[in-house]
Amino acid sequence: MRDGREPYAYCPYCRAEMQDNFVFGRTRRVCPECGFVHFVDPKVGAGVLAEQNGKVVLVRRGVVPAIGSWCLPSGFVEYDESPAEAAVRECLEETGLQVRLTGLLDVTQYVSELRGPGIIILYRAQVVGGEPRPGDDASEVGFFGPHELPADIAFPSNRRALARWREEMTSGE
Ligand SMILES: [Zn+2]
Numbered sequence: 004m005r006d007g008r009e010p011y012a013y014c015p016y017c018r019a020e021m022q023d024n025f026v027f028g029r030t031r032r033v034c035p036e037c038g039f040v041h042f043v044d045p046k047v048g049a050g051v052l053a054e055q056n057g058k059v060v061l062v063r064r065g066v067v068p069a070i071g072s073w074c075l076p077s078g079f080v081e082y083d084e085s086p087a088e089a090a091v092r093e094c095l096e097e098t099g100l101q102v103r104l105t106g107l108l109d110v111t112q113y114v115s116e117l118r119g120p121g122i123i124i125l126y127r128a129q130v131v132g133g134e135p136r137p138g139d140d141a142s143e144v145g146f147f148g149p150h151e152l153p154a155d156i157a158f159p160s161n162r163r164a165l166a167r168w169r170e171e172m173t174s175g176e
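For the sequence shown, this note's numbering begins at 4 and goes up steadily by one.
The structure is reproduced here in structure tokens:
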């Protein structure tokens, strides 16, 4: 599945007309001049389910998609950083909070979002410093106990992670 935009008509490197060729197991756009192959591959995102005093940190989205909904602090991984580094950086940018990652929570795929298909890598984390202050894509930072989670949570990956967290936190009740 593509991201909703037209496939490359011209090679981004040598500007020759691209064509459809069967290469590496499926039909892809290929440049007959320089051999560039356009792999339509997923963007990689990383985020955190970060806790402080038994509550989870969520941000209210200030941008599309899902503007106004709540989600886990997360964002795209830059080409020169690890997913773990990206998760920590995005959390700091969006919430003002420093976190320490404590484990891998989930790796899931999505096929239909504003910027095309992607993979989201979620980590568990503990807040270790900073002051809550929304920034970047976030308009608000909130702490929610397992019985206080907002109804409008964006993205299936976030809803699954938070449902599991809530179950875990309330299993002894
Ligand atoms: Zn080319």
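Don't be surprised by glycine CBs; every beta carbon is placed ideally from N, CA and C.
Contact set for residue i: own chain, Cβ-Cβ below 6 Å, skip 5 residues either direction
| i | result |
| --- | --- |
| residue 69 | 157 |
| residue 5 | Low per-residue confidence applies at residue 5: pLDDT is 48, beneath 50, and the placement is therefore not dependable, though the value from the model is reported in the following sentence. Answer for residue 5: 43, listed in chain order. |
| residue 10 | 32 |
| residue 111 | 123 and 160 |
| residue 12 | none |
| residue 121 | 45, 46, 48 and 113 |
Proximity test, residue i beta-carbon vs ligand 1 heavy atom, cut-off 7 Å
| i | result |
| --- | --- |
| residue 19 | yes |
| residue 158 | no |
| residue 11 | no |
| residue 39 | yes |
| residue 16 | yes |
| residue 34 | yes |
Delimiting residues of the alpha helix (DSSP H) encompassing residue i
| i | result |
| --- | --- |
| residue 85 | It is not in any alpha helix (DSSP H) - residue 85 carries neither H nor E in the DSSP assignment. |
| residue 154 | Counting along the chain, residue 154 falls outside any alpha helix (DSSP H), and DSSP gives it neither H nor E. |
Same chain, Cβ closer than 7 Å to residue i, five either side skipped, listed in chain order
| i | result |
| --- | --- |
| residue 80 | 47, 48, 49, 86 and 89 |
| residue 91 | 102 and 104 |
Close-in-space but distant-in-sequence residues of the same chain around residue i (CB under 8 Å, 5 per side omitted)
| i | result |
| --- | --- |
| residue 138 | 96, 97, 98 and 99 |
Span of the beta strand (DSSP E), counted from its first residue to its last, around residue i
| i | result |
| --- | --- |
| residue 31 | 29 to 33 |
| residue 48 | 46 to 55 |
| residue 142 | 141 to 147 |
| residue 26 | 22 to 26 |
Residue ranges of each beta strand (DSSP E) within the segment 65 to 129, 3 or longer: Here the runs fully enclosed are 77 to 79 and 100 to 113.
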